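Structure, as structure tokens:
Protein chains: 2
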Amino acid sequence: MNGNSSAVGPSGQTRGDSEVVASVATLGPTDVRAAFGKILAARHDASVKMLQDWIALPTVAQQRLNVQEGADHMANLLRETGFQRVKIVPTNGLPGVFGTLDAGAFKWLGIYFMYDVMPFDGSEWSSPPLEGRIVDKPNVGKVLIGRGAQNQKGPQAAFLAALRAIQASGRKLPINIALIAEGEEEIGSPNFRQVLGEPEVLSALQKCVGVVVPDLSQTSNGSISLLLGAKGTVEFQLIASGERWGRGPTIDIHSMEAARVDNPAWHLIKALATLVQADGYTPAIDGWCENIKPLTDRQRDLIAKTARITSEKDAMSSRGIRRWINDDDYRASLERLASQPTINLQGLVAGYTGPGGMSILPTRAEAKLDLRLVPDQTKDELLLKLDSHLQRYGFGDIEVRVTGGYDPTETDEDSAIVRAERAVLTRARVEYSLVPRDPGSWPGVFFTGQPLNVPACSFGLGRGGNLHAPDEFMIIESVDPRVAGYDEATIGFIEYLYQLGQE
Amino acid sequence: MNGNSSAVGPSGQTRGDSEVVASVATLGPTDVRAAFGKILAARHDASVKMLQDWIALPTVAQQRLNVQEGADHMANLLRETGFQRVKIVPTNGLPGVFGTLDAGAFKWLGIYFMYDVMPFDGSEWSSPPLEGRIVDKPNVGKVLIGRGAQNQKGPQAAFLAALRAIQASGRKLPINIALIAEGEEEIGSPNFRQVLGEPEVLSALQKCVGVVVPDLSQTSNGSISLLLGAKGTVEFQLIASGERWGRGPTIDIHSMEAARVDNPAWHLIKALATLVQADGYTPAIDGWCENIKPLTDRQRDLIAKTARITSEKDAMSSRGIRRWINDDDYRASLERLASQPTINLQGLVAGYTGPGGMSILPTRAEAKLDLRLVPDQTKDELLLKLDSHLQRYGFGDIEVRVTGGYDPTETDEDSAIVRAERAVLTRARVEYSLVPRDPGSWPGVFFTGQPLNVPACSFGLGRGGNLHAPDEFMIIESVDPRVAGYDEATIGFIEYLYQLGQE
Numbered sequence: 011m012n013g014n015s016s017a018v019g020p021s022g023q024t025r026g027d028s029e030v031v032a033s034v035a036t037l038g039p040t041d042v043r044a045a046f047g048k049i050l051a052a053r054h055d056a057s058v059k060m061l062q063d064w065i066a067l068p069t070v071a072q073q074r075l076n077v078q079e080g081a082d083h084m085a086n087l088l089r090e091t092g093f094q095r096v097k098i099v100p101t102n103g104l105p106g107v108f109g110t111l112d113a114g115a116f117k118w119l120g121i122y123f124m125y126d127v128m129p130f131d132g133s134e135w136s137s138p139p140l141e142g143r144i145v146d147k148p149n150v151g152k153v154l155i156g157r158g159a160q161n162q163k164g165p166q167a168a169f170l171a172a173l174r175a176i177q178a179s180g181r182k183l184p185i186n187i188a189l190i191a192e193g194e195e196e197i198g199s200p201n202f203r204q205v206l207g208e209p210e211v212l213s214a215l216q217k218c219v220g221v222v223v224p225d226l227s228q229t230s231n232g233s234i235s236l237l238l239g240a241k242g243t244v245e246f247q248l249i250a251s252g253e254r255w256g257r258g259p260t261i262d263i264h265s266m267e268a269a270r271v272d273n274p275a276w277h278l279i280k281a282l283a284t285l286v287q288a289d290g291y292t293p294a295i296d297g298w299c300e301n302i303k304p305l306t307d308r309q310r311d312l313i314a315k316t317a318r319i320t321s322e323k324d325a326m327s328s329r330g331i332r333r334w335i336n337d338d339d340y341r342a343s344l345e346r347l348a349s350q351p352t353i354n355l356q357g358l359v360a361g362y363t364g365p366g367g368m369s370i371l372p373t374r375a376e377a378k379l380d381l382r383l384v385p386d387q388t389k390d391e392l393l394l395k396l397d398s399h400l401q402r403y404g405f406g407d408i409e410v411r412v413t414g415g416y417d418p419t420e421t422d423e424d425s426a427i428v429r430a431e432r433a434v435l436t437r438a439r440v441e442y443s444l445v446p447r448d449p450g451s452w453p454g455v456f457f458t459g460q461p462l463n464v465p466a467c468s469f470g471l472g473r474g475g476n477l478h479a480p481d482e483f484m485i486i487e488s489v490d491p492r493v494a495g496y497d498e499a500t501i502g503f504i505e506y507l508y509q510l511g512q513e
Numbered sequence: 011m012n013g014n015s016s017a018v019g020p021s022g023q024t025r026g027d028s029e030v031v032a033s034v035a036t037l038g039p040t041d042v043r044a045a046f047g048k049i050l051a052a053r054h055d056a057s058v059k060m061l062q063d064w065i066a067l068p069t070v071a072q073q074r075l076n077v078q079e080g081a082d083h084m085a086n087l088l089r090e091t092g093f094q095r096v097k098i099v100p101t102n103g104l105p106g107v108f109g110t111l112d113a114g115a116f117k118w119l120g121i122y123f124m125y126d127v128m129p130f131d132g133s134e135w136s137s138p139p140l141e142g143r144i145v146d147k148p149n150v151g152k153v154l155i156g157r158g159a160q161n162q163k164g165p166q167a168a169f170l171a172a173l174r175a176i177q178a179s180g181r182k183l184p185i186n187i188a189l190i191a192e193g194e195e196e197i198g199s200p201n202f203r204q205v206l207g208e209p210e211v212l213s214a215l216q217k218c219v220g221v222v223v224p225d226l227s228q229t230s231n232g233s234i235s236l237l238l239g240a241k242g243t244v245e246f247q248l249i250a251s252g253e254r255w256g257r258g259p260t261i262d263i264h265s266m267e268a269a270r271v272d273n274p275a276w277h278l279i280k281a282l283a284t285l286v287q288a289d290g291y292t293p294a295i296d297g298w299c300e301n302i303k304p305l306t307d308r309q310r311d312l313i314a315k316t317a318r319i320t321s322e323k324d325a326m327s328s329r330g331i332r333r334w335i336n337d338d339d340y341r342a343s344l345e346r347l348a349s350q351p352t353i354n355l356q357g358l359v360a361g362y363t364g365p366g367g368m369s370i371l372p373t374r375a376e377a378k379l380d381l382r383l384v385p386d387q388t389k390d391e392l393l394l395k396l397d398s399h400l401q402r403y404g405f406g407d408i409e410v411r412v413t414g415g416y417d418p419t420e421t422d423e424d425s426a427i428v429r430a431e432r433a434v435l436t437r438a439r440v441e442y443s444l445v446p447r448d449p450g451s452w453p454g455v456f457f458t459g460q461p462l463n464v465p466a467c468s469f470g471l472g473r474g475g476n477l478h479a480p481d482e483f484m485i486i487e488s489v490d491p492r493v494a495g496y497d498e499a500t501i502g503f504i505e506y507l508y509q510l511g512q513e
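Sequence lines, in order, name chains A and B.
Using this note's numbering, read the first sequence as starting at 11 and increasing by one per residue.
Using this note's numbering, read the second sequence as starting at 11 and increasing by one per residue.
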């Protein structure tokens with residue numbers, strides 16, 4: 011999708027800003043592309059510069075880099091976008107930033123931002139990670155390269171550009187905005203509950219029709235998976251040590267002692283082996299699956315449709331996979347992906363880890379795991395069951411070190427924020443599929459769960475790549491008319507706001 | 011033990027070399043100290059320099075450092091010690107060096123040397139690792155610091171000094187010497203069988219009363235554990251991978267896929283868990299223990315004696331241990347150490363191994379293990395049983411990568427080389443205990459096994475430290491009269507040769 015695409019609407023139309031202003035009262039969603047094409051073209055360079063300036067100031071939570079500067083910049087971006095009330099919300103970690111833009115509209119929309127980015131190493135990049143240089147990417151178009159271009163400054167800048175364009179046109183926003191930004195998304199949002207617990211934040215978000223996360227959702231062919239929910243996750247490490255166990259050595263010792271000294275690494279292996287069944291994946295912890303809500307017929311239908319319209323071969327080859335679990339067919343693999351909780355082993359580290367071997371009996375062994383949760387499982391419930399299990403089988407000494415996680419999230423496909431999204435995509439002729447549940451995780455439960463209980467989903471045209479990797483990019487001008495560039499993504503947000511305002 | 015100790019014999023005796031020469035024909039073991047004290051004192055500086063020059067030329071098998079130079083130096087040391095026939099024996103790896111010193115004596119003694127040393131990093135040393143500097147070590151004495159000082163150039167140099175001193179005295183050696191040196195001891199002697207298979211080497215060693223490894227055997231109080239055998243060992247890694255398995259990913263993928271993609275790390279955990287019983291140490295592989303020869307009453311008596319004369323508290327505290335396996339008492343722990351085969355887990359490495367966690371499903375997982383074998387288990391037998399076990403339980407795809415190992419070794423306490431050792435130690439009033447089986451391992455089976463079938467043990471007074479570590483040292487002059495310095499260790503070897511010649 012770009013300016014030449016009929017899906018985006020006529021470019022080069024001649025009505026000026028003043029004419030558009032005249033139609034404020036009656037502007038409906040179908041008129042948006044006609045009304046804003048020229049405005050966005052005129053504002054293009056400024057919008058790109060806004061993104062580049064933001065990328066130039068990276069906040070990295072892991073390294074506590076640019077903490078106050080990043081929060082101040084976030085607050086300023088909101089002020090410059092017309093937010094009347096902007097507030098930095100302190101937490102035990104990096105602060106949140108909260109702002110409201112009250113346009114006197116009837117409804118409120120919640121928006122979630124993150125102002126932190128992943129760490130980066132410039133030596134691995136083809137252009138400087140903080141420059142936001144625009145380069146030609148063959149068969150893709152002009153792309154802006156920089157840390158945060160996709161995740162998440164790019165789509166967020168496009169959203170701010172949408173708000174600014176509406177106001178620059180002389181119109182009032184069709185819906186009021188309550189925006190909450192956090193600075194610790196990349197480390198698992200450990201303090202985001204504190205931000206949401208701020209009475210002013212809570213009461214503003216409770217008024218909203220839902221909370222939307224701006225995103226670059228398009229794949230290379232322009233299609234979009236519209237996610238109606240996501241699994242929850244818990245990340246934790248299991249650590250066996252001679253110190254805590256009271257058996258085995260408290261330092262690494264010569265392996266000949268194995269005949270008379272217990273080995274914490276074997277202790278961990280025996281504990282791990284009890285967590286999943288012989289198949290190597292089915293959870294083997296008592297009561298683990300008792301709160302699983304089965305997929306509905308509608309959810310199964312949606313999955314069947316995804317199986318029909320997407321390529322199993324691509325899904326396998328991009329991941330180096332030759333068989334699904336249980337030799338399932340593609341549809342069954344997609345049902346598993348949506349419906350099954352998992353106990354995944356991410357890594358192991360114990361004793362000697364170099365080439366070959368070394369004759370030691372280690373004092374410590376660590377396994378890195380993550381759980382994926384489906385409704386109605388909860389993080390607290392599963393961690394309690396894990397603890398009981400370890401106790402019952404004689405592994406109560408093994409430390410369970412939880413480093414992050416949250417419950418699953420679900421949003422109704424008939425909620426206003428999803429209906430508006432579908433309307434915009436249909437009108438823009440963007441192919442989309444409804445996906446009942448993202449097998450990855452995002453902390454939507456902050457919004458869909460207690461105490462807010464509002465719908466939450468992501469939305470956004472446009473495309474990026476190399477998330478969390480060197481040469482992260484966002485497409486600014488796409489060569490493929492089915493894929494939106496920066497300005498088309500901005501138009502998408504404008505349309506979405508008008509659609510929601512009308513709903 | 012040093013020159014001032016009555017155990018070592020009178021120092022400052024006045025007989026000159028010529029007088030000593032006169033008594034060649036009748037010199038018995040009891041006269042050795044008197045005969046050689048002065049000769050060694052006169053030769054002391056030259057002997058130390060021989061060791062220093064050797065240390066200055068490190069052969070490191072891991073790094074293929076000074077391969078030919080090290081072998082040539084070894085050969086020259088033998089020639090300069092009067093070996094009439096010296097030969098470099100090529101192998102697929104570093105060459106062996108073989109030499110014979112035929113003194114026209116009635117018997118032959120085999121000697122095992124290694125000319126390679128462990129790698130070293132000079133930045134971690136208090137004096138240069140290749141200098142062989144002599145420094146004062148508080149409460150210990152003058153020590154020579156250098157890579158190989160203890161392991162094994164120090165005691166080997168003392169042995170060569172013994173041969174040279176006897177010849178310098180005008181005497182003929184009381185026993186002929188067949189010496190075999192290898193350059194790959196520190197990487198597990200992968201090609202030593204090739205050296206021993208050389209017909210000239212084989213026929214020379216077959217004539218020997220046994221093979222002795224020069225060593226610094228004394229502990230800090232001067233006592234010696236006389237090892238009558240050692241466990242065998244096999245070092246290997248178990249590696250699970252998506253590639254070999256045909257399941258799971260062939261690259262690390264996002265952990266959300268765990269719902270439908272098999273995890274090679276879980277596959278490895280499940281395989282490992284089948285190797286030992288629930289107690290975390292007893293081998294659980296069919297037939298693993300069927301060839302174990304139980305300890306004899308004599309062996310159990312020797313262990314009971316060790317339990318009486320050594321400190322359980324020291325044994326525990328030096329290793330950070332609070333309980334033995336099964337809450338055994340000390341004697342039972344020592345019996346386990348001598349009698350039980352082990353399957354030890356040295357290390358684990360899979361997927362993400364940094365701090366915290368990372369959402370991946372790894373394509374590869376590796377466990378590092380070692381086995382300890384007791385008579386009559388063999389390496390080939392146990393590896394075959396391990397393979398069958400993995401096949402039978404559905405883990406036949408897991409790679410078993412063997413990186414070293416050999417069978418157990420046993421030497422009769424009534425063999426000539428052990429009898430001579432006990433006689434020398436008794437006469438020198440060195441406390442010693444007979445240890446039925448070293449729970450560590452040494453490849454004595456090269457000599458005690460097929461096709462040689464000769465006794466093999468280590469021998470040597472003196473003491474060193476920091477084996478395989480920075481500041482490796484050998485005591486040159488000991489402040490503790492119970493502990494031998496360099497010259498006393500040399501006298502020990504001279505006495506041993508005379509004792510053996512008489513046996």
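Glycine included, each C-beta is placed from N, C-alpha and C at the ideal position.
Note that the structure is predicted; figures quoted are calculated from it, not measured.
{"Item": "Alpha-carbon spacing of PRO446 (chain B) relative to ASN476 (chain B), whole angstroms", "Value": "25 Å"}
{"Item": "Alpha-carbon to alpha-carbon, SER265 (chain A) and PRO293 (chain B)", "Value": "15 Å"}
{"Item": "Cβ-Cβ separation, LEU358 (chain A) to ALA375 (chain B) (assumed contact under 8 Å), whole Å", "Value": "6 Å"}
{"Item": "Of the residues A:GLY239, A:ASN273, A:ASP262 and A:VAL244, the one placed nearest TRP255 (chain A), counting alpha carbons only", "Value": "A:ASN273"}
{"Item": "Integer-rounded CB distance, given that VAL384 (chain B) should sit under 8 Å from ASP417 (chain B)", "Value": "About 10 Å; that fails the 8 Å criterion."}
{"Item": "Residue-level contact to chain A via CB, VAL221 (chain B), 8 Å cutoff", "Value": "no"}
{"Item": "Contact with chain B by GLN247 (chain A), beta-carbon distance below 8 Å", "Value": "yes"}
{"Item": "With 16 other Cβ atoms within 10 Å as the buried cut-off, status of LYS280 (chain B)", "Value": "buried"}
{"Item": "Contact the stretch 421 to 433 of chain A vs the stretch 392 to 406 of chain A: 3+ CB pairs below 8 Å", "Value": "no"}
{"Item": "Where the stretch 257 to 270 of chain B meets chain A: residues whose CB sits under 7 Å from a CB there", "Value": "ARG257, PRO259, THR260, ILE261, ILE263, HIS264, SER265, MET266, GLU267, ALA268, ALA269 and ARG270"}
{"Item": "Residues that MET124 (chain A) bridges to, as DSSP identifies them", "Value": "A:GLU192"}
{"Item": "Any chain A beta carbon closer than 8 Å to LYS389 (chain B)", "Value": "no"}
{"Item": "Outcome for THR352 (chain B) when other beta-carbon atoms lying within 10 angstroms are tallied against a minimum of 16", "Value": "buried"}
{"Item": "Beta carbon of ARG346 (chain A) nearer than 8 Å to that of ILE335 (chain A)", "Value": "yes"}
{"Item": "Nearest-angstrom Cα separation, counted from ASP296 (chain B) out to MET124 (chain B)", "Value": "38 Å"}
{"Item": "Contact set for SER235 (chain A): own chain, Cβ-Cβ below 6 Å, skip 5 residues either direction", "Value": "SER443 and VAL445"}
{"Item": "Cutoff 8 Å: ILE408 (chain B) Cβ touching any chain A Cβ", "Value": "no"}
{"Item": "Close Cβ partners of ILE504 (chain A) (< 8 Å) along its chain, the five nearest in sequence each way excluded", "Value": "VAL42, PHE46, ALA172, ALA175 and ILE176"}
{"Item": "Span of the beta strand (DSSP E) around MET484 (chain B)", "Value": "483 to 488"}
{"Item": "Secondary structure of TRP255 (chain B), DSSP reduced to three states", "Value": "helix"}
{"Item": "Start and end residues, beta strand (DSSP E) containing LEU471 (chain A)", "Value": "Unbroken run through LEU471 (chain A): none, as it is neither H nor E."}
{"Item": "Completely contained alpha helix (DSSP H) runs for the stretch 332 to 374 of chain B, where each covers 4 or more residues", "Value": "340 to 349"}
{"Item": "Alpha-carbon to alpha-carbon, GLU409 (chain B) and GLN247 (chain B)", "Value": "8 Å"}
{"Item": "Under 7 Å by beta carbon: chain A residues contacting ALA375 (chain B)", "Value": "LEU358"}
{"Item": "ALA32 (chain A) classed as buried or exposed, judged by whether at least 16 other C-beta atoms fall within 10 angstroms", "Value": "At ALA32 (chain A) the pLDDT is 30, less than 50, meaning the model places this residue with poor confidence and gives no usable figure here."}
{"Item": "LEU305 (chain A) at chain B interface by Cβ criterion, 8 Å", "Value": "no"}
{"Item": "PHE108 (chain B) - partner residues in DSSP beta bridges", "Value": "B:LYS97 and B:ILE190"}
{"Item": "Unbroken alpha helix (DSSP H) run spanning GLY207 (chain B), endpoints", "Value": "202 to 207"}
{"Item": "Distance CB(PHE130 (chain A))-CB(ARG89 (chain A)) smaller than 8 Å", "Value": "no"}
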